[in-house]
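A.B. asks: Heads up: the protein sequence lines correspond to chains U and H, in order. The first sequence lines up with residues 1 to 221 when you count with the UniProt record's numbering. The second sequence lines up with residues 1 to 221 when you count with the UniProt record's numbering. Positions of the beta carbon are idealized from the N, C-alpha and C atoms, including for glycine.
There are 2 protein chains.
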Amino acid sequence: MFRKVLIAEDHEMTSISVTKTISELGIADTQYTYYCDDAMMLLKKAQQAGAPFDLLITDLSFEEDHRKQKIAGGEELIALSKSFQPNLKVLVFSAENKSALVDKLFTDFSIDAYVRKARHDAKDLRAAIEAIAQGKKYMTADLKQSVKVKNTFEFSSIDLTILKLLSAGTKQKDIPAYLQANKITPSGLSSVEKRLNIMKEVMGFSKNEQLIAYCKDYGII
Amino acid sequence: MFRKVLIAEDHEMTSISVTKTISELGIADTQYTYYCDDAMMLLKKAQQAGAPFDLLITDLSFEEDHRKQKIAGGEELIALSKSFQPNLKVLVFSAENKSALVDKLFTDFSIDAYVRKARHDAKDLRAAIEAIAQGKKYMTADLKQSVKVKNTFEFSSIDLTILKLLSAGTKQKDIPAYLQANKITPSGLSSVEKRLNIMKEVMGFSKNEQLIAYCKDYGII
DNA sequence: TGCCGCTCTACGGGAAACCGTAAGGAAAGG
DNA sequence: CCTTTCCTTACGGTTTCCCGTAGAGCGGCA
């Protein structure tokens with residue numbers, strides 16, 4: 001089992017429960033932070049002191065407040081942590097249930113476990129920590145399904161750009177100019193139209209308004 | 001202070017922390033459920049047994065799973081609870097930060113407190129419970145600001161209808177037919193255009209997509 | 001009743017978006 | 001080096017949307 005655990009989680013309530021769960025597993029040495037920058041600092045200090053953390057439990061999204069942060073969110077924190085302490089085990093504890101995102105975390109960021117904030121997350125978290133301790137990977141059950149079943153449409157970077165521009169009031173015909181100015185290809189008006197058509201077709205939508213509403217509902221933009 | 005508290009919250013971790021916070025306030029008799037239907041049942045039972053709950057702490061969104069529920073979410077739960085136990089105090093504990101939504105909860109559902117799941121939510125929750133116990137209303141600080149600032153334009157019923165139709169994929173020119181079918185006046189296409197123009201002008205917007213995005217962001221539709 | 005002010009509706013010209021088609025261009029493969 | 005294929009872009013015709021104007025309906029008031 002782990003000896004020293006760091007929790008990066010901006011919700012106080014969640015942080016309390018995570019701490020409690022860990023202490024129930026017999027891990028005495030836990031620290032927690034509400035900010036990514038603090039988490040980074042603690043990781044570095046611990047390593048320099050010769051007593052590095054061996055598990056990081058982190059959320060993905062951290063809300064901005066008066067304290068300006070260099071590290072914006074969980075992904076960045078994970079990447080930086082791994083870069084100077086590659087053996088650090090990482091458990092992501094987040095409400096996100098997008099299969100593509102979770103996949104990326106496992107492949108690109110080589111995390112060890114993903115626990116989704118949901119109905120039985122306390123049990124899941126315990127199971128995940130035990131699994132990692134045995135050198136296994138862990139993923140909440142519901143996500144395993146959704147990776148297979150909910151083959152939801154993957155919005156590309158340019159799709160998101162287009163949607164953001166539209167919801168910012170940009171006229172469709174003015175989008176090519178913006179794309180060119182920002183060196184984004186493809187930039188033709190037809191390509192913009194094509195992307196919008198594909199998005200709408202996949203979703204079974206007929207109008208841009210509908211698409212924007214959907215993306216807002218699911219936090220895509 | 002309260003004697004008997006019911007917690008309706010589908011996230012196990014959050015539920016644990018809420019329970020802990022409440023017990024720290026010296027409230028011994030707390031029960032928790034992961035489902036709205038269960039919450040409703042417990043409220044009814046308690047009242048029939050002559051020992052009703054005097055505080056309900058509930059989330060807004062409950063995830064669906066294998067257990068089919070009659071009550072879909074927090075709003076519905078609150079409405080039903082109040083209908084048969086009007087003196088029940090209600091504290092909403094949710095991650096939503098849409099001012100329009102929170103406003104609606106206070107005015108239409110006459111809740112007593114809204115605590116947003118955020119950085120200092122444990123402190124906020126404690127403060128909220130103490131405020132309610134003294135017969136006060138409570139709202140997290142960050143929301144007070146946004147309610148005041150953003151609550152400029154008053155969306156009429158027909159405005160909301162138009163916006164909902166648009167975001168459901170209805171063509172603008174087909175909206176008059178819908179309005180007539182539902183006996184809503186005015187129903188002319190020009191009137192629809194006029195309402196949209198007014199909304200956009202007030203907000204400083206130029207396109208419908210922008211308007212939809214705004215309304216989704218602030219929970220207006 | 002006749003005038004006035006108001007809102008809703010109808011119409012038409014122009015702009016933007018939609019949609020199909022075809023030409024241009026780069027990468028992959030023989 | 002050429003061909004095939006896929007993707008991007010360009011260009012028209014049609015639909016929808018946008019916007020200004022004008023007329024119709026309705027209540028208030030002298």
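Looking at the C-beta of Lys150 of chain U, does it have a partner C-beta in chain H at a distance below 8 Å?
C.D. replies: Residue placement at Lys150 of chain U is poorly supported in this model, since its pLDDT is 43, which falls under 50; the coordinates still yield a value, given next. For Lys150 of chain U, the answer is no, since every Cβ of chain H falls outside 8 Å of its Cβ.
A.B. asks: Does the Cβ of Gly74 of chain H have 16 or more other Cβ atoms within 10 Å, making it buried, or fewer, making it exposed?
C.D. replies: Flag for Gly74 of chain H reads buried.
A.B. asks: Under 8 Å Cβ-Cβ, which residues of chain U neighbour Asn208 of chain H?
C.D. replies: Neighbours of Asn208 of chain H on chain U, chain order: Asn208, Glu209.
A.B. asks: Going straight from the alpha carbon of Gln134 of chain H to that of Asp112 of chain H, what length do you get?
C.D. replies: Going by the C-alpha atoms only, they are around 11 Å apart.
A.B. asks: Quick one, are the C-beta atoms of Val56 of chain H and Leu125 of chain H less than 8 Å apart?
C.D. replies: In the sequence on display, residue 56 of chain H carries Leu and not Val. The answer is no: Cβ separation not under 8 Å.
A.B. asks: Name the two residues that bound the continuous alpha helix (DSSP H) containing Ser23 of chain H.
C.D. replies: Taken as a continuous stretch (DSSP letters only), the alpha helix (DSSP H) holding Ser23 of chain H covers 12 to 24.
A.B. asks: I'd like to check one pair, Tyr218 of chain H with Ala100 of chain H: are the Cβ atoms closer than 8 Å?
C.D. replies: The answer is yes: Cβ separation under 8 Å.
A.B. asks: Quick check on Ile212 of chain H - is its C-beta less than 8 Å from some C-beta in chain U?
C.D. replies: Closer than 8 Å: yes.
A.B. asks: Would Met13 of chain H pass as an interface residue toward chain U - the criterion being a Cβ-Cβ separation below 8 Å?
C.D. replies: Closer than 8 Å to some Cβ of chain U, the Cβ of Met13 of chain H qualifies, so yes.
A.B. asks: CB-CB under 8 Å to Phe106 of chain U, same chain, minus the five flanking residues each way: which ones, in chain order?
C.D. replies: The answer, listed in chain order, is Tyr114, Lys137, Met139.
A.B. asks: Helix, strand or coil for Thr33 of chain H, going by three-state DSSP, please let me know.
C.D. replies: Strand, per DSSP.
A.B. asks: Which residues in chain U have a C-beta closer than 7 Å to the C-beta of Ile16 of chain H? List them in chain order.
C.D. replies: Ordered by position in chain U, the residues that pass the 7 Å Cβ test against Ile16 of chain H are Ser17, Lys20, Ala122.
A.B. asks: Does the Cβ-Cβ distance between Met40 of chain U and Leu77 of chain U come in under 8 Å?
C.D. replies: Cβ atoms of Met40 of chain U and Leu77 of chain U: closer than 8 Å.
A.B. asks: Given that a residue counts as buried once 16 or more other Cβ atoms are within 10 Å of its Cβ, and exposed if not, what is Gly204 of chain U?
C.D. replies: When all chains shown are included, Gly204 of chain U counts as exposed.
A.B. asks: My output table needs one value for Thr140 of chain U: the three-state DSSP class, helix, strand or coil.
C.D. replies: Three-state result, Thr140 of chain U: coil.
A.B. asks: So, with DSSP's three-state summary, where would you put Phe84 of chain U?
C.D. replies: Phe84 of chain U falls in the helix class under three-state DSSP.
A.B. asks: So which residues on chain H does Phe205 of chain U lean against when the C-beta distance must stay under 8 Å?
C.D. replies: Gly169, listed in chain order.
A.B. asks: Pairs of beta-carbons, one from the region 187 to 199 of chain U and one from the region 179 to 188 of chain H, closer than 8 Å: are there three or more?
C.D. replies: They do not touch, by the three-pair rule.
A.B. asks: By how many angstroms is the C-alpha of Asn197 of chain U removed from the C-alpha of Gln180 of chain U?
C.D. replies: Between Gln180 of chain U and Asn197 of chain U, the C-alpha separation is close to 21 Å.
A.B. asks: Would you kindly report the start and end of the unbroken alpha helix (DSSP H) that includes Ile57 of chain H?
C.D. replies: Here Ile57 of chain H belongs to no alpha helix (DSSP H); instead the beta strand (DSSP E) covers 55 to 58.
A.B. asks: Please check if any C-beta of chain H sits within less than 8 Å of the C-beta of Ala46 of chain U.
C.D. replies: So no, Ala46 of chain U is outside the interface.
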